[in-house]
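Chains as they are written, first to last, in our numbering: chain A, 1 to 108; chain D, 1 to 507.
Below: the structure, in structure tokens.
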Amino acid sequence: MEAVVAIAIGMLTACGVFLLLRARTFPVVLGLTLLSYGVNLFLFASGRLRLDAPPLIQAGAAYTDPLPQALVLTAIVIGFGMTAYLLMLALRALAESGDDHVDGRMKP
Amino acid sequence: MSAHAAILPILIPFAAALLQLAGGGLSFQRRIGLAAALLGIIAAAWLVQLADGGAMLVYALGGWTAPFGIVLAVDRLAAAMSLLTALLAGAALLYATAGFDNRGRHFHPLFQLQIMGIQGAFLTGDLFNLFVFFEVMLLASYALLAHGGGLARTRAGLAYVVLNLAGSALFLIALGLLYGTLGTLNLADVALRLQTLEHNIALARLAGALLIAVFTLKAALLPLSFWLPHAYAAAGAPVAALFVIMTKVGIVAILRVQAVAFAPAAAMADLLAGWLVPLALATVLFAALGALAATRLRYFAAWLVLASAGTLLVAPAHAQADITAAALYYLFQSTFIGAAFFLLAELIAERRGNVADAIKPGPAFHAPWLALGFFLAAISAAGLPPFSGFLGKLMLLSVLREAVAGPAIWAVLLTAGFLIMAALARAGSRLFWRRKPDMLPPVTPAIAWQRSAAVLLLVAAGPLLALFARPVADYASRAAAQLHAPGAYINGVLGTDKHSITRETRP
Chain A
1 MEAVVAIAIG MLTACGVFLL LRARTFPVVL GLTLLSYGVN LFLFASGRLR
51 LDAPPLIQAG AAYTDPLPQA LVLTAIVIGF GMTAYLLMLA LRALAESGDD
101 HVDGRMKP
Chain D
1 MSAHAAILPI LIPFAAALLQ LAGGGLSFQR RIGLAAALLG IIAAAWLVQL
51 ADGGAMLVYA LGGWTAPFGI VLAVDRLAAA MSLLTALLAG AALLYATAGF
101 DNRGRHFHPL FQLQIMGIQG AFLTGDLFNL FVFFEVMLLA SYALLAHGGG
151 LARTRAGLAY VVLNLAGSAL FLIALGLLYG TLGTLNLADV ALRLQTLEHN
201 IALARLAGAL LIAVFTLKAA LLPLSFWLPH AYAAAGAPVA ALFVIMTKVG
251 IVAILRVQAV AFAPAAAMAD LLAGWLVPLA LATVLFAALG ALAATRLRYF
301 AAWLVLASAG TLLVAPAHAQ ADITAAALYY LFQSTFIGAA FFLLAELIAE
351 RRGNVADAIK PGPAFHAPWL ALGFFLAAIS AAGLPPFSGF LGKLMLLSVL
401 REAVAGPAIW AVLLTAGFLI MAALARAGSR LFWRRKPDML PPVTPAIAWQ
451 RSAAVLLLVA AGPLLALFAR PVADYASRAA AQLHAPGAYI NGVLGTDKHS
501 ITRETRP
């Protein structure tokens, strides 16, 4: 399972970074979203991967570390708000200048 | 009451923002905002007084003690940065109430939330909480940067937001690595565990390096500094003035993490060695050249901010109390002067019609006080005697004489200082002396009292910090001594029986 999670994180991050380096705003927004998915999975894995263990401490029962889950929840909420704002900003730039190049140059 | 003093600089702007969002017209929002700024200054000054007693103020949020709950940990450095933020925010807000806040919606709540984020970032003692306050600060700054509208602001805002979102992703990866290796994100606890770290040293070093990389992005160290001039120059004057403190958030974060967590741990002590000073010096030179090449006064002010950030980043790698103390004094004065330049740039631009703040001859305008303000700010920024810029640079250079890279630091700082002085002289003479008599100045109303008061307060920091250099520098050296004795910080946060905290064994 570790290998699957690691490959998933790697793929998400690689695709995210690739899209982040594109010159148009829409791929950049998508890239940031993928990157934040990769990061969230990574944070989740920092508490170690355990199967069938709830994030609750009960006497004798198996449990998983609840803190990374709280961290991921916070990171998701923040990332969600940021992406929404970024989309609005990208739309405004598109409406104001009539093109969605990140540097504002019209040349194709 | 004094038990809750540490949270006040965060709660006051938060409460003000909620009140302002709840309703009321612009004048209501202005009154709430200015009252909150004043209360914030009082609360921060009280915090400085409490912290100067020498004991750490530790505030466990919700009563959950460290390392399991989130704490605010206020030492002299944190309290001083809180006061600096409150003073700067007060001046910038006063300037904005003369009309800038009318150019878009929700200026006042956003401004208060930005203050809250900056204050939280200085006061917190928990690394994840630091991330959250960074995000509060950045979210408000994204919206404030776009305040007032216009394509230039939207463009600059887009690049700024994307860059900082990528930075946030790196921050989270660093925190994940740190938590996965050490099992804690409380700074004092991180410091304690790094000292006894036996396994996974490479992972911990990687996490530390990533953390420093994120902070250097905020502090605009050279390979990560290209965003700063565009973003700061595009922002409205009062917003840019408040942004000046944001590079300092990164610098103080580096100082604190290095002094508390990295320097005492054998595995991490050399993390900043060898690369930070050369890059900081390169930043200073880059900024000085940028200032020489700047064609607009706002860009010029942004390059000055970058130059002071570079100068300050020379300090953390040394991890020496006297160098940090000199850097702190320099930090205080450069913040005020940097902010003053942005406000002056707008006032000058308004008086020059179409030429605006372009550094070239323009219409004649009669504003002796503006010229005097520019002159005083320029003397402070260039590091000429007798004002605080000179004292700050002198202190920094004299303590760095003994450093390994001392000669290189001296050479670069003095060369850059000369370049900036030349650029300031050129800008000043073109703006105020070389005039085109055939161009008519626009009809501008007299400067509103809020604006003159804000500029006066910021520019007066130069002479005042020189006049009261002794108490300020003494406080800075006490703060630096406290920062570089992290045992007290760790004991303050975790208690003296810290080794009896039960730890979970991790696979």
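Backbone N, C-alpha and C fix where the C-beta goes; we use that ideal spot for every residue, glycine too.
Treat the numbers as computed from the prediction; the structure is a model and nothing was measured.
- In this structure, Phe336/D lies near Val459/D, with their beta-carbon atoms less than 9 Å apart.
- Per DSSP, the unbroken alpha helix (DSSP H) holding Tyr142/D starts and ends at 127–146.
- In the three-state reduction of the DSSP assignment, Val77/A falls in the helix class, which pools H, G and I.
- Between Leu32/A and Ala55/D, the C-beta gap is not smaller than 9 Å, which leaves the two residues out of contact.
- The C-beta of Leu71/A comes closer than 9 Å to at least one C-beta of chain D.
- Residues are counted here when their Cβ sits less than 7 Å from a Cβ of chain D; for the stretch 71–98 of chain A these are Leu71, Thr74, Ala75, Ile78, Gly81, Met82, Tyr85, Leu86, Leu89, Ala90, Arg92, Ala93, Glu96, Ser97, given in chain order.
- Taking Phe286/D as the centre and dropping the five residues before and after it, the same chain places the C-beta of Leu222, Ser225, Leu306, Gly310 closer than 8 Å to its C-beta, in chain order.
- Using a Cβ-Cβ cut-off of 9 Å, Ile173/D counts as an interface residue toward chain A, since at least one Cβ of chain A sits closer than that to its own.
- His101/A sits in a strand when the DSSP states are folded into three classes.
- One alpha carbon belongs to Ile447/D, the other to Ala349/D, and they sit about 12 Å apart.
- By the CB criterion at 9 Å, Ala80/D and Ile70/D fall outside the cutoff.
- In the DSSP assignment, Ala86/D falls within the unbroken alpha helix (DSSP H) covering 76–96.
- Residues of chain D with a Cβ closer than 9 Å to the Cβ of Val102/A are, in chain order, Arg155, Leu158, Ala159, Val162.
- Ala62/A and Pro54/A have their C-alpha atoms spaced approximately 8 Å apart.
- Neighbours of Val132/D across chain A, judged by C-beta separation under 9 Å: Thr74, Ile78.
- Bridge partners of Asn186/D according to DSSP: Asp126/D.
- Taking 9 Å as the threshold, the shortest C-beta distance from Thr64/A to chain D does not fall below it.
- Note on geometry: alpha-carbon atoms of Leu431/D and Leu279/D lie some 33 Å from one another.
- Distances from the CA of Leu88/D to each of Leu376/D, Leu312/D, Ala240/D were compared; the closest alpha carbon is that of Ala240/D.
- When CB distances to chain D are screened at a threshold of 7 Å, the residues of the stretch 37–62 of chain A falling below it are Val39, Phe42, Leu43, Ser46, Arg48, in chain order.
- Counting only runs of 4 or more residues that sit fully inside the stretch 190–258 of chain D, the alpha helix (DSSP H) segments are 201–219, 227–234, 237–256, in chain order.
- Taking the Cα of Ala425/D as reference, the smallest distance to any Cα among Ile409/D, Leu384/D, Ile41/D is reached at Leu384/D.
- In the three-state scheme derived from DSSP, where H, G and I count as helix and E and B as strand, Gly406/D is classed as helix.
- Note that the C-beta distance between Thr247/D and Ala291/D is not below 9 Å.
- When the five nearest sequence neighbours on each side are left out, the beta carbons in the same chain lying within less than 8 Å of the beta carbon of Ile9/A are those of Gly38, Leu41, Phe42, Ala45, in order along the chain.
- Of the other Cβ atoms in all chains shown, 16 or more fall within 10 Å of the Cβ of Val58/D; this residue is therefore buried.
- Taken atom to atom, the span from the alpha-carbon of Val162/D to that of Val132/D is near 17 Å.
- Shown here, Ala358/D sits in a strand according to DSSP, grouped into three states.
- With respect to the C-alpha of Leu86/A, the residue from Ala159/D, Leu289/D, Ala45/D having the closest C-alpha is Ala159/D.
- Interface with chain A (9 Å Cβ-Cβ cutoff): Tyr179/D is included.
- Val58/D: member of the beta strand (DSSP E) spanning 57–60, first to last residue.
- When DSSP states are grouped into helix, strand and coil, Arg50/A belongs to the coil group.
- If you look at Leu312/D, you'll find it in the alpha helix (DSSP H) that goes 297–312.
- In this chain, the alpha helix (DSSP H) harbouring Ala377/D covers 368–382.
- Closest option to Thr415/D, judged by alpha-carbon separation, among Ala403/D, Lys393/D, Arg434/D, Pro238/D: Lys393/D.
- Across the structure, Leu151/D and Ala234/D are spaced so that their CA atoms are roughly 10 Å apart.
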